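This note's numbering puts the first residue of the sequence shown at 93, with every later residue one more than the last.
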Amino acid sequence: MNSVIKGASYILAFTPEMVMQNGTTQTTEKIVNPESEYLKQLESHLRTYEQVVSYPPNQAYIGNIHPNELAQIEQPWHDKAIEGASRFGKYGEIMPEDEFICLMQICDVFDLVKLDKSFVAATKEKLEQHPLMTADIIARLKEGEDAELISKLVSEEHSEALYYNKELVGCVKRAHDVDVNLSAHVIHENLTSKATNVLSLLNLVAKNNINKEDIDYVIDCSEEACGDMNQRGGGNFAKACAEIAGFVNATGSDVRGFCAAPTHALITAASLVKAGTFKNVVVSAGGCTAKLGMNGKDHVKKGLPILEDVLGGFAVLVSANDGINPEIRLDLVGRHSVGTGSSPQAVISALVTESLDRANMKITDIDKYSAEMQNPDITKPAGAGDVPMANYKMIGALGVKRGDIEKKDLASFTVDHGMVGWAPTQGHIPSGVPYVGIARQDILDGKIKNAMIIGKGSLFLGRMTNLFDGVSFVIEANQGKTKEEGTVSEEQIKGLIAQALKNFASNLLAE
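This is the structure we're talking about:
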């Protein structure tokens, strides 16, 4: 029987100071043009936490509004606000930067994060009010250090500074004197990914009434890689995050594939569960500091706020078929193979139509497609256009070419089978997976019968190949538990055992 999607979570961490200190667009600018107008104007373009919480795409990401509702709000969205917006949503939350910095230390098991005493004292009170921060998690938070020590670590020991409201409140120390893979910068990058991943896991458990002890396996599919000079990307983020989240019975490993990694990981998880290797597999990912403010120059130039000011995270639980939750159709997996080619048409054909052909399905037989759900508020001012719309037009055009739809229906196809984008530009986060949790609920509610999740990636970024990458799979309404022909049910097995014991006892009495 097919594996099912049993729950999902989506979280954001608001990190404006990390935009300034850690986003590669800003750190590169400080090196090549430290007196640039962009750097001078940057701070005035940062949003407040309240603005980030009420921002419509962010509310869609954590599940407080549906993408269909977002589509009814006139674009651009950066000057719009959801009235009465909440930090907590159906699928997750938006964490402020002070709490997130403390969560980073909670996730640090090598005493590399040093925080100011007064900062810890003030923020700890807030964390104690957080519904997911249990006593054992908060107990990991240290009391803090003197401000003088932190300042010295930053100025003399190559530590990565941590700021909150323009004040130095802590730092991340390097983990080795000469190993660049354990530099303060890399440790900081990895701890932010770990902390957002952990927050996703905690929300997954809470929002879906999951028993932590039932999780067998965790797959991390974020963009970072942890290791040392002898094994630069050895991992293991998955097990490290499971430890903090309290998944005591879980093991795990990391899957990497640039933006396509989450879809690769979900297919892997579904295969492991269907094979019976594990019953409950979580696929999760944390955020990427390098992407903060990535398109900031274009946004500032056009008088817009810095919209890439959040780290994203997500988690999805894939479990054995329960007869209720939506199934993952592993017989409808699409793949971009080595010989596919990298033209947009070739990529979409490989990911969409080839798998549908195997089941004699039309493009219109899929109710919703989710591919690269980037927020157009971010991408359009940067010259990248509306990425989701471009994908839907390509899928629709293939439908016309195949005779699945009429040319006159192309515009309605993008509305009926597509969605507006709402995900932050965190690389791996937008590509397909933001809709998984919503699709699950839409299927359970009977709004749609199926959806295709498409992950696309740019392998050439690693300078090892010029190939593109991508995989896809279909989620559909559960067909109900079906018994394979010739198999014996659990109740039948119990009956056979009971009868055997009864016979055994009768034989003993007869003797």
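All C-beta atoms in this analysis are idealised placements derived from N, C-alpha and C, irrespective of residue type, glycine included.
From a predicted model like this one, the values you see are computed outputs, not experimental measurements.
Looking only at C-alpha atoms, which of 184, 135, 252, 155 sits nearest to residue 193?
Your numbering for residue 193 matches position 101 in the sequence shown. Answer by Cα proximity: 252.
Would you mind stating whether residue 527 and residue 487 have Cβ atoms separated by less than 8 Å?
Here residue 527 is taken as the residue at index 435 of the sequence shown, counted from 1. Here residue 487 is taken as the residue at index 395 of the sequence shown, counted from 1. No, these two residues do not count as a Cβ contact at 8 Å.
What distance in whole Å lies between the Cβ atoms of residue 99 and residue 336, which are believed to be in contact at a cut-off of 8 Å?
As a first step, residue 336 must be located in the sequence shown, where it is residue number 244. As a first step, residue 99 must be located in the sequence shown, where it is residue number 7. About 19 Å; that fails the 8 Å criterion.
At what residues does the alpha helix (DSSP H) containing residue 125 begin and finish?
Along the sequence shown, read from residue 1 onward, the residue named residue 125 stands at position 33. It is not in any alpha helix (DSSP H) - residue 125 carries neither H nor E in the DSSP assignment.
Would you report the Cα separation of residue 231 and residue 385, rounded to the nearest angstrom?
Taking the sequence shown and counting its residues from 1, one reaches residue 231 at position 139. Taking the sequence shown and counting its residues from 1, one reaches residue 385 at position 293. Taking the straight line joining both Cα atoms gives about 33 Å.
Between 339, 589, 341, 356, which has its C-alpha nearest residue 347's C-alpha?
Numbered from 1 along the sequence shown, position 255 holds the residue referred to as residue 347. Out of 339, 589, 341, 356, 356 has the C-alpha closest to the C-alpha of residue 347.
Could you check if residue 445 is buried or exposed, using at least 16 other CB atoms within 10 Å of its CB as the buried criterion?
Counting from one through the sequence shown, the residue named residue 445 turns up at place 353. By the 10 Å Cβ count, residue 445 comes out buried.
Leaving out five residues on either side along the sequence, give the residues of the same chain with a beta carbon under 7 Å from the beta carbon of residue 496.
Taking the first residue of the sequence shown as position 1, residue 496 is located at position 404. The answer, listed in chain order, is 454, 455, 456.
Given a cut-off of 8 Å on the beta-carbon distance, is the pair residue 365 and residue 310 in contact?
Residue 365 sits at position 273 when you count from the first residue of the sequence shown. Residue 310 sits at position 218 when you count from the first residue of the sequence shown. Cβ distance not < 8 Å, so residue 365 and residue 310 don't count as in contact.
On the premise that residue 105 lies in contact with residue 403, defined as a C-beta separation below 8 Å, what is that separation, rounded to the nearest angstrom?
Position 311 of the sequence shown, counted from the first residue, corresponds to residue 403. Position 13 of the sequence shown, counted from the first residue, corresponds to residue 105. Correct: roughly 4 Å between the Cβ atoms.
Going by beta-carbon coordinates alone, are residue 327 and residue 345 separated by less than 8 Å?
Start at 1 with the first residue of the sequence shown, and residue 327 comes out as number 235. Start at 1 with the first residue of the sequence shown, and residue 345 comes out as number 253. Contact: yes.
Tell me which same chain residues have a C-beta within less than 7 Å of the C-beta of residue 132, skipping the five on either side of it?
Translated into positions along the sequence shown, residue 132 becomes position 40. Correct list: empty, nothing qualifies.
Any heavy atom of the ligand FMN inside 7 Å of the beta-carbon of residue 456?
This structure lacks the ligand FMN; in fact it carries no ligand of any kind.
On the CB-based measure, 16 or more other CB atoms within 10 Å of its CB, does residue 574 come out buried or exposed?
If you number the sequence shown from 1, residue 574 lands on position 482. Because residue 574 sits at a pLDDT of 45, beneath the cut-off of 50, its placement in the model cannot be relied upon, and the following sentence gives the value as read from the coordinates. Residue 574 should be labelled exposed.
Can you tell me whether residue 172 is helix, strand or coil according to DSSP?
Mapped onto the sequence shown, residue 172 falls at position 80. Residue state, collapsed to three classes: coil.
Rounded to the nearest angstrom, what separates residue 556 and residue 516 at their Cα positions?
On the sequence shown, position 464 is the one that residue 556 refers to. On the sequence shown, position 424 is the one that residue 516 refers to. Cα to Cα, the separation comes out at about 27 Å.
From 185, 544, 289, 509, pick the residue whose C-alpha is nearest to that of residue 334; which is it?
Residue numbering aside, residue 334 sits at position 242 when the sequence shown is read from its first letter. Among 185, 544, 289, 509, the Cα nearest to that of residue 334 is on 289.
Start and end of the alpha helix (DSSP H) containing residue 145?
Counted from its first residue, the sequence shown places residue 145 at position 53. 141-146 is the extent of the alpha helix (DSSP H) around residue 145.
Just to confirm, are residue 490 and residue 440 a CB contact at a threshold of 8 Å?
Translated into the one-based positions of the sequence shown, residue 490 becomes position 398. Translated into the one-based positions of the sequence shown, residue 440 becomes position 348. Cβ atoms of residue 490 and residue 440: closer than 8 Å.
Go ahead and pull the three-state DSSP assignment for residue 134.
Taking the sequence shown and counting its residues from 1, one reaches residue 134 at position 42. Residue 134 falls in the helix class under three-state DSSP.
I'd like to know whether the C-beta atoms of residue 313 and residue 267 end up nearer to each other than 8 Å.
Your numbering for residue 313 matches position 221 in the sequence shown. Your numbering for residue 267 matches position 175 in the sequence shown. Contact flag unset, no.
Reducing DSSP to helix, strand and coil, say where residue 282 ends up.
Taking the first residue of the sequence shown as position 1, residue 282 is located at position 190. Reduced to three states, the DSSP call for residue 282 is helix.
Three Cβ pairs or more, each shorter than 8 Å: is that satisfied between the region 107-120 and the region 396-415?
yes
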